[in-house]
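Chemist: My structure is below; once you've seen it, I'll send some questions.
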Amino acid sequence: PILIAFSAAKVFGGNQFLGAVIGMIMIHPNLQNAWTVASEGVQTYQSVFGGLYKIPLVGYQGHVIPVIIAVWLMCQIEKRLHKVVPAMIDLFVTPLVSVFVTGYLTLAVIGPIFTTLEDGIINGVQIFDQLPFGIGSFIMGGLYAVTVVAGIHHMYTLIDLGQLAKFGFTYWLPLASAANVAQGGAAFAVALKSKNAKVKSMALPSALSACMGITEPAIFGVNLRYFKPF
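According to full-length UniProt numbering, the sequence shown holds residues 1 to 230 in order.
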């Protein structure tokens, strides 16, 4: 969570070190280690918002989505405070308020809600992957190239990391790799069948790069151009 928070803060335009602090708060030693919940159960709860409800005091080891959402909130608070806090106290007030408010809201609201959401997504993907006769895997692998075209394929990183953290292995990476090789194979077939020297010179290297994981040249330069290979 610390490294994820540090990187997320950079992406969201906030202070990376404050982001790392949020990551540290989410795995504070006073919170029960998340890896022990399955075997020991939740040991401690804490009332929040004046006793409105109770939250489990559990760390966020192995979680991705709650960390990213928490850091995004922190960056939004930090940016707004920089605009309204006087410059002479900005250096002290802005980091303190940003971390305090985000830390409390993370443990009280963001963490429990988005942990449940993340677990639901990962469990749903896991169930879908394990459908009989490889139906789920076939569908997910087939849709991967479509998400590359749409530019949203990086969202699968969250699923990949979530599966690794929760189950110790991931189905998604092999599926994505197979989809990449399929695009490479299609581009290679175009190179073999085409009599156009220019097409061959473009299709062969793109086929190799697709098999190495870079599919954009094969998809946009060859397969989508002729559509059937895609």
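Built from N, CA and C at the ideal position, the CB exists for glycine as well.
(1) Exposed or buried, what is ALA178 when buried is set at 16 or more other beta-carbons lying within 10 Å of its beta-carbon?
(2) May I ask you to report which of helix, strand or coil DSSP gives VAL48?
(3) At which residues does the beta strand (DSSP E) containing ILE4 begin and terminate?
(4) Just confirm the distance between the C-beta atoms of VAL181 and SER206, as a whole number of angstroms; I'd bet it's less than 8 Å.
(5) Hey, quick one: how far does the alpha helix (DSSP H) through TYR53 stretch, first residue to last?
(6) Taking the continuous alpha helix (DSSP H) assigned at ILE25, which residues delimit it?
(7) Mind checking which residues open and close the alpha helix (DSSP H) that includes MET202?
(8) Quick one: complete alpha helix (DSSP H) runs, 4+ long, within the stretch 115 to 174?
(9) Name the two residues that bound the continuous alpha helix (DSSP H) containing LEU105.
(10) Apply the 10 Å Cβ neighbour rule to SER98 and answer buried if 16 or more other Cβ atoms are within range, or exposed otherwise.
(11) Have a look at LYS195 and LEU208 and give me their C-alpha separation to the nearest angstrom.
(12) Look at the alpha carbon of ILE55 and the alpha carbon of LEU91, and state the distance between them as a whole number of angstroms.
(13) Which word fits LEU46, buried or exposed, when buried means at least 16 other C-beta atoms lie within 10 angstroms of its C-beta?
(14) LEU105 and LEU73: beta carbons closer than 8 Å?
(15) Using a Cβ-Cβ cut-off of 7 Å (strictly less than) and excluding sequence neighbours within five positions of GLN183, which residues of its own chain qualify?
(16) Which value, in whole angstroms, describes the spacing of the CA atoms of LEU156 and LYS200?
(17) With 16 as the cutoff for other CB atoms within 10 Å, does PRO86 come out buried or exposed?
(18) With distances taken Cα to Cα, identify the nearest neighbour of LEU143 among GLU78, LEU161, VAL109, ALA176.
(19) Buried or exposed, going by whether 16 or more other CB atoms sit within 10 Å of the CB of ILE113?
(20) Within its chain, find whatever has a CB closer than 6 Å to the CB of VAL48; leave out the 5 residues flanking it on each side and keep chain order.
(21) Using the rule of at least 16 other Cβ atoms within 10 Å of the residue's Cβ for burial, across every protein chain shown, is PHE188 buried or exposed?
(22) From TRP172, VAL149, THR115, ASN123, pick the residue whose C-alpha is nearest to that of ALA34; which is it?
Modeler: Reading from the atomic positions:
(1) With fewer than 16 neighbouring CB atoms inside 10 Å of its own CB, ALA178 falls in the exposed class.
(2) If DSSP states are grouped into helix, strand and coil, VAL48 belongs with the strands.
(3) Not the beta strand (DSSP E): ILE4 falls in the alpha helix (DSSP H), residues 2 to 11.
(4) Not a contact, Cβ separation roughly 13 Å.
(5) Element bounds for TYR53: not the alpha helix (DSSP H) but the beta strand (DSSP E), 53 to 56.
(6) 16 to 25 is the span of the alpha helix (DSSP H), which, as asked, contains ILE25.
(7) For MET202, the enclosing alpha helix (DSSP H) has its first and last residue at 197 to 211.
(8) As far as the stretch 115 to 174 is concerned, its whole alpha helix (DSSP H) runs of at least 4 residues are 135 to 150, 156 to 167.
(9) 87 to 105 is the extent of the alpha helix (DSSP H) around LEU105.
(10) With 16 or more Cβ atoms within 10 Å of its Cβ, SER98 is classed as buried.
(11) So the two alpha carbons sit approximately 19 Å from each other.
(12) A direct Cα-to-Cα measurement between ILE55 and LEU91 gives close to 32 Å.
(13) The sequence as given places Gln at residue 46; Leu does not occur at that position. Classification of GLN46: exposed, given that the 10 Å Cβ count is below 16.
(14) Contact flag set, yes.
(15) Cβ contact annotation for GLN183 (same chain, cutoff 7 Å, sequence separation greater than five): ALA145, ALA210, THR215, ALA218, ILE219, ASN223, in chain order.
(16) A small correction: the amino acid at residue 156 is Tyr; Leu does not occupy that position in the sequence shown. Roughly 32 Å separates the two Cα atoms.
(17) By the 10 Å Cβ count, PRO86 comes out exposed.
(18) It is ALA176.
(19) By the neighbour-count rule (16 or more Cβ atoms within 10 Å), ILE113 is not buried but exposed.
(20) Once the five neighbours on either side are set aside, the close Cβ partners of VAL48 are ILE55, ALA108.
(21) Classification of PHE188: buried, given that the 10 Å Cβ count is 16 or more.
(22) Closest by C-alpha distance to ALA34, out of TRP172, VAL149, THR115, ASN123, is THR115.
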